[in-house]
Structure formats: C-alpha cells, structure tokens
Amino acid sequence: MASAVNKRIYINGVGCLSPQLTLDNRLFLEEPVSTESNRLKAIDANYKEFVPPEMVRRMGRIIKMGVAAAKTCLADAGCQMPDAIITGTGLGCIEDTEKFLGNMIKNNEEFLTPTAFIQSTHNTVSAQIALLVQCHGYNFTYVHRGFSFESAILDSLLQIENGRASTVLLGTADELTANSLQIQKRLGFWRRNPIDNLKLFDHPDKGTIAGEGAVFFLLDEKKNSTTYTVLQDVEMLFMPHSADEIRSQINGFLNRNGISESDISLLLVGQNGDTRHQKVYDEVAEGSFPNVPACGFKHLCGEYMTASSFGVWLAAKIMKEQRIPEILQVSKKPSELKHILLYNHYQGINHSLILLSQP
Amino acid sequence: MSKRIYITGIGIISSIGNNVPEVFTSLKASRSGIGEITLLNTLHKGSLPIAEVKLSNAGLLDLAGHRGSDQFTRTTLLGMIAAKEALKSAGIEDVNAYRTGFLSATTVGGMDRTEVFYKDFLENPESGRLKDVVNHDCGESTEHIASELGIRLLVSTISTACSSSANTMMFGADLIRSGKVDRMICGGTDSVTMFTLNGFNTLMILDKRGCHPFDEHRAGLTLGEGAAYVVLESEDVVKSEGKQPFAELSGYGNANDAYHQTASSPEGKGAFMAMSKALKMSNLNSSSIDYINVHGTGTENNDLSEGIALERIFDPVPLFSSTKSYTGHTLGAAGAVEAVISVLSIQHGIIFPNLLWSTPMKELKIKPVTEVLTGQDIRHVLSNSFGFGGNNSSLIISKPV
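Chains as they are written, first to last, in the numbering used here: chain A, 3 to 361; chain B, 796 to 1196.
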C-alpha cells in the first residue's frame, strides 16, 4: 500500500495491564515477573479504583482489564475525554461467551439470564469505556486475529489524519480462560512442559506460552510534555508467500516513511519461542536488518492475538526513556533510539509492521 | 474529502432470496422471510419465528461453488456467496487489477460450529472435534472469503454488534480516500445460532408473532441470517474504467450513545449524533433525504428512541420503513443488507414497505410506509444501524450524479 500517514501523530499516554508490573507508569520492568508454567496471567488491578462499586461484581474480567488500562492511559496523558475510542480484540469477551454457551447447553436452552450474553458482545470493552467516560464519539472495535490491534491503529491514524478526531483512545483487550487455554493446548499452541517465561527464548521448542492483557494508548495530533513517541505507520500483510515477499514489503513500508532498514535503531520481533514460527523472524532479521539490534518481548506478555500492543507499549516506553530494560536481551546496544520497528506475525498468517519514531 | 466514493457492486443472501434479483422480487411482492424455524436445532422451534436462509449448509456449499468440504461455517458460506455476487455485479474479473481490500463484519463468527463443539467439550475437555472450534473467532470467515476472492492486500473484520457492517463501509471509504487502496469490498455476514436466539430471548425482546417495527403493539425483534457486501470504488477507478456506478456513498457517521450497554437513550442521543454527522459529511440538509431505511428492530426501546431522534432531526420526517420486517434482524450483516436494499430503492425508484404494521405509536407523530411505492425519484437514502454498546451508525447513499 502506498502513501504514508502525513500528519505526525503522537502517543501521549499509555496504560498497560499485562502479566508484568506495567500498570504503574513509574515502573519499567525493573522486576520482571516469572512463572514456571505455560500460561502468563495478567496481573489484575484493584478494579474498584477504576469501576464504580456497583458495577465491579457483574462486570466481566476482560472489561475490567480494559477499563483499568484505558483509565490509566487517559490519566497518564492528562486527557479527560478522547474524541474517539478504537479497540482491537482477538477473541473478545470469551469468559462471558463460555458462560452463556455453557449454561445454554447444560440447561437445554432454559432458565437463562442475559448478563453473560450482553457482555459477550465483542465491542463491550470499548462501549463500557465510552459509558464510563461519557464519550459520544466514534467507537469502533476490530476483531481480526493478529490484525485486530493493527486495524485499530490504521483507523486511529486515519481519523486524526482526516481531521475527524484530534485525540483517539486506541487499545486492545484479550483474556485467557481455562477453557480457551485447554482448547488451544489441544491445537498444539502451547509448550507441553511448563517453562520459566523469562527463559523462553533460551529453550526453543514446539509451542509457546499463552498470554493476555489490555493495553491502551492516547493518540494526539499535538506533541506535549507527556509525549512518548510518534506512532508513524502500520502495515498488515495477509498470508505472505515468503520471507522475501515480507522483506520487500518492509522495504516499501520504510521507504514510504522516508527511511531505510539501516535507520532502524531497534527491531522488536514477535518471536514466541515456538520453533515452528521462528524461521521467518530469523530470515527477516538477518536478511533485512543484519546490523540492527533486535529483541523479542513475548517472554514478558505471552502469545495472544493482540500481543503486538504490548510490543508497542514497550517501544513507547523505550523511546520516552531512551533506554532498553535489561530483561530484553538485545543483541547489541543501539547508540541512539530514533526509529523502532515492530515486526510480528500471528500463526504465520497475519504479519504486521508498526513503526515508531522519536518525537 | 472532495473525492467521491461509489458503490459499483452489490451482493446479498437472506431469508428473502439467495441473490440480488431474488431479494428484489420478494421486496416488490411484500414477501417476508420471517417464518417458523426449519433448520436451526433448538428448543424454540415452533414457538419463536426467525428469518432463515432456507438452505442447509450443504446447499450453501453448492451455491458457493464448493463441493464436499465441511471446513466452512455457515457464516463463512453465507458471506462467500454474497461477496462473490458483489464482485460479479461490479464487473470485476481480476480483483487485483486495482489495489483492493476486504472488510467484513460479524457478531458471533463461527458460533454455529462452536455450539456443536462445546456440547462434547463440556462433558469431556478432551473431546469435541477441533475442526468445529478453530473457526470460532470473528476473523475466520473474513479470511476464508478473502482467500476465495483472491484478496490479500488489506483484510480485516469489525464487530460492533448490530452496526458492524455499516461500519465496514465507513472504514472502507476512509481507506479509499486516504489513497491506501482503490477499492474495498465491505459488508457482513451472520448465521442464526442457538447462542444469539437464546441470548435475545433472555432479554425478552423477541416478538413471538414476528417483528412489527414502529407499531404501537410491537413486542420485539425477529432474528434473521444472511450476508451482504457492496463494492466501493474510488472516483478515479470509476472514471478510468468508464463504469456506471449504482450509487454513491455520500456520507456517514458513527456516534456512541454512552447510555446503557443494551438500551438506547430515551432521547436517542447517539442516533441523533450519527445522523447529524452523516448529513454534515454529505453536505445535505435534512430536507434532501427522500427515504430512510430505519434501524427499526421492532423492540419497544429502539423504535421509540430512533423515532424521537428522527422527529428531532427531520421536519417533516421523510418516507421511512424498516425492511427488517422482511429479512429479520441479521445482526452483523444488517447494515450491509439494508445498504443493498437502499441501493435497490435508488436504482428502481421503489420504496419497500414496513410489513406487519397496523397501529401508529402513541408517542410519535410519524408512521412508516406500508405499501410498495413505485415511481419515486429517490436521490438520497439514509440508512441507520444501531447496536449494543450504544454503537450508532448512519450511512447516506445517493443516486450518482
């Protein structure tokens, strides 16, 4: 796709609820959380701080995760009310979906109550945020596997570029349940044996570790004292035929943004320790970015359909603080951090590129 | 924002027809697709009507041009049939002759198969055919359809409840205007499932007699299934190909009611804002709208809230009808189903009625069109789609100039 985004669009606030201690924006992975398992659970916030008490009990966990991350983000940016809310979710509110489905089957379609059905709707997270902050603006939810977050980014950039919004609350939410973990285990997604997540990349094998989280960003057409980074551009590649095709797409993507491969200060890759999905990351990194420092991040957040949003959170923090946390095992230290490129793929099908630049 | 976005192709499958000509025939004949459940395996068979596509999955597979494969969900099959028709009607042979993307909407994705899986899975977490659950997520149908059409450039899925497929057209048009693509196939697909039927039933908003939109004695909606897609093309493509577009997507707006997760605000704030945004974008006065294809689900709450918003914006309120009385509420497909019907209204100068209507709502001054009106000069149609989570969308579809 030709044409880069013309306006410079800034990330002026972040809120990240993840398996790491990330919701407190003063921290930056000083004490990485490790678990000996094949599942990384997001650390629940004290949701009463974010949701009215009468709502906390009934609200599904993914909604609470989303609201906590979104409100943290708005507070971080000092923004009372965004012009639009645009979110991405891979599987949506699966806990409530399972609840309603299970009750329906067990009770043979009788004696059902509506709460789980109502909350199972895929746009519930962005709708509840709108309700809580009373945002009447544009409100979209993208639900496309490894393109869910990327589509939301693209729409957010367009909304600001075409002047319909000055600020957009952009975010993701995905939750893991015991049942979804079990189903995906049977599909062969996860490691057979528990592994220390922090050592995931040291022990490549079949399967990865499951993750979840809710990550929000406040995008703004104006730079201010809270600015983290420029969210420069995004690109999605659906079922590319080869690493060569991906490399040529990356080249075109960087060119339209006025830079080349050697201008990238840090390459964040979505590798997840699964040997079946590693080859393409290696081919791209070695083929296009032989001298660029690179590292993975999914040992911190686990693998899930919107995990790339954790990568963008990481990139935004790195850019703002101009330092890379130790836990990231960078191949070599970059001299300065001007452009960060995130290359991710989900199941080899949804490949994406996200470019962030120094403001 | 000066460039126009044209609708150059349409495709549809619903309870009133498996393609555009069949749907058009049913619309003209005031023939509703609402009736007794025949295919869905549910306890509510015989007590709750729905608007089913009267073909088994095997029949749909045939229609989609596939044989002997059970890899597709019903949602995928419906979408494939309608999307292929849309491409064909746009005269597109080589889909990649221009930069083309595919945006689809769905509310429950592959739920029709997940229900089958889950029954076994609940009894034993090691059982249930994995084939039946890998298609659960909303992106699955989109990817199968995109692959069938040969589209790889930009493929994504929107799920904002009952406004989902209207929203694909907004994003699609924005993408064309941005210069990232030349054309987009936009729309949505949803099959009826036990999950949605029971879900709406627990909310007590399913009318046992079939929906009666904008009627004083309305008692809820009727679930339907189907798929519809439109081909959106840039002004440049239309000019260079010398195409005669069916219609223009001249304006659109999305707003959030921010009132309640499922209910609409009494004053229809979100609806009012969405319609106002669409009018503003199209540079039209409210008096320019010749016909409104209302959301009109037939629930107590929606029709009152939407009606109040209409009376606030329009004076007088133009001719309007809810064609959900034909197709049922097709959820994620509804916005596209109604966009296709709106295009047919413009093309043929016909307003299709709001069936099953008898008594005006006492809170409103307005009443819908109840008979087929032919010979109308319809220049601008407003089509509303409102969803859970206060998601309100309005499209303005115009006769091409």
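Built from N, CA and C at the ideal position, the CB exists for glycine as well. Because the structure is a prediction, the values reported are computed rather than measured.
A:Ser153 belongs to the set of residues whose beta carbon lies under 8 Å from a beta carbon in chain B. Per DSSP, the unbroken alpha helix (DSSP H) holding A:Ile107 starts and ends at Ile96 to Lys108. Interface criterion not met: the Cβ of A:Gly272 is under 8 Å from no Cβ in chain B. Counting along the chain, B:Ala1069 sits inside the alpha helix (DSSP H) bounded by residues Lys1064 to Ser1077. Under the three-state reduction of DSSP, B:Cys933 is assigned to coil, being neither helix nor strand.
Spatial neighbours of A:Gly68 in its own chain (CB-CB distance under 6 Å, excluding positions within 5 residues in sequence) are listed in chain order as Val127, Ala175 and Ala216. Around the beta carbon of A:Leu29, fewer than 16 other beta carbons sit within 10 angstroms, so the residue counts as exposed. Scanning its chain for C-beta atoms nearer than 7 Å, with the 5 sequence neighbours on each side dropped, one finds around A:Glu100 the residues Thr179 and Asn181, in chain order. Think of a sphere of 9 Å around the beta carbon of B:Met989: the chain A residues whose beta carbon falls inside it are Leu103, Met106, Ile107 and Glu111, in chain order. Here A:Ser150 really is in contact with A:Gly92; their C-beta atoms are around 5 Å apart, less than 8 Å. Selection B:Pro1163, B:Lys1162, B:Ser1045 and B:Ile1141 evaluated against B:Tyr801 yields B:Ser1045 as nearest (Cα-Cα).
In this structure, DSSP gives B:Gln1056 a state outside helix and strand, which the three-state scheme calls coil. Within the region 144-211 of chain A, the complete beta strand (DSSP E) runs of at least 3 residues fall at 169-176. Proximity of chain A to B:Gly1065 at the Cβ level (cut-off 8 Å) is accounted for by His138, in chain order. Distance from A:Gly173 to A:Thr89 at the Cβ level is roughly 5 Å; contact confirmed, criterion being Cβ atoms closer than 8 Å.
Chain A places no beta carbon closer than 8 Å to that of B:Lys883, leaving this residue out of the contacts.
According to the DSSP secondary-structure assignment, B:Val950 is paired through a beta bridge with B:Phe897. Remark: fewer than three beta-carbon pairs, one from each stretch, lie closer than 8 Å, so the region 185-199 of chain A and the region 993-1003 of chain B are not flagged as touching. Not a single CB atom of chain B sits nearer than 8 Å to the CB of A:Phe255. In the DSSP assignment, A:Val232 forms a beta bridge with A:Tyr12 and A:Ser359. Chain A has a Cβ within less than 8 Å of the Cβ of B:Tyr913.
Residue range His1175 to Gly1182 is occupied by the beta strand (DSSP E) that includes B:Ser1178. Counting C-beta atoms within 10 angstroms of its own C-beta, A:Ser250 has fewer than 16 neighbours from the protein chains shown and is therefore classed as exposed. For a Cβ distance threshold of 7 Å, residue set Met106, Glu111 and Leu114 of chain A lies close to B:Asn993, ordered along the chain. Using a Cβ-Cβ cut-off of 8 Å, B:Cys933 is close to Gly94, His124, Val145 and His146 of chain A, given in chain order. If only uninterrupted beta strand (DSSP E) runs of at least 3 residues are considered, those enclosed by the region 1097-1185 of chain B are 1114-1116 and 1175-1182. Near chain B, meaning a CB-to-CB distance below 7 Å, the residues of the region 226-251 of chain A are Met238, Phe240 and Met241. Distance from A:Leu221 to A:Ile356 at the Cβ level is roughly 13 Å; contact not present, criterion being Cβ atoms closer than 8 Å. Excluding five sequence positions before and after B:Leu822, the CB atoms of its chain that fall closer than 6 Å to its own CB belong to Phe1147, given in chain order.
DSSP places A:Phe219 within a strand segment (E or B) once states are collapsed to three. Look at the beta carbons and you see the region 1092-1104 of chain B touching the region 1057-1069 of chain B: at least three pairs across the two are nearer than 8 Å.
For A:Asp157, the residues of chain B that pass the 8 Å Cβ criterion are Phe966 and Asp969, in the order they occur in the chain.
Following the DSSP letters along the chain, one finds B:Val911 inside the alpha helix (DSSP H) bounded by residues Met906 to Glu918. Using beta-carbon distances, A:Glu163 counts as an interface residue toward chain B, with a partner under 8 Å. Along the region 60-75 of chain A, there is no position whose C-beta sits under 9 Å from a C-beta of chain B. One alpha carbon belongs to A:Leu339, the other to B:Thr1125, and they sit about 50 Å apart.
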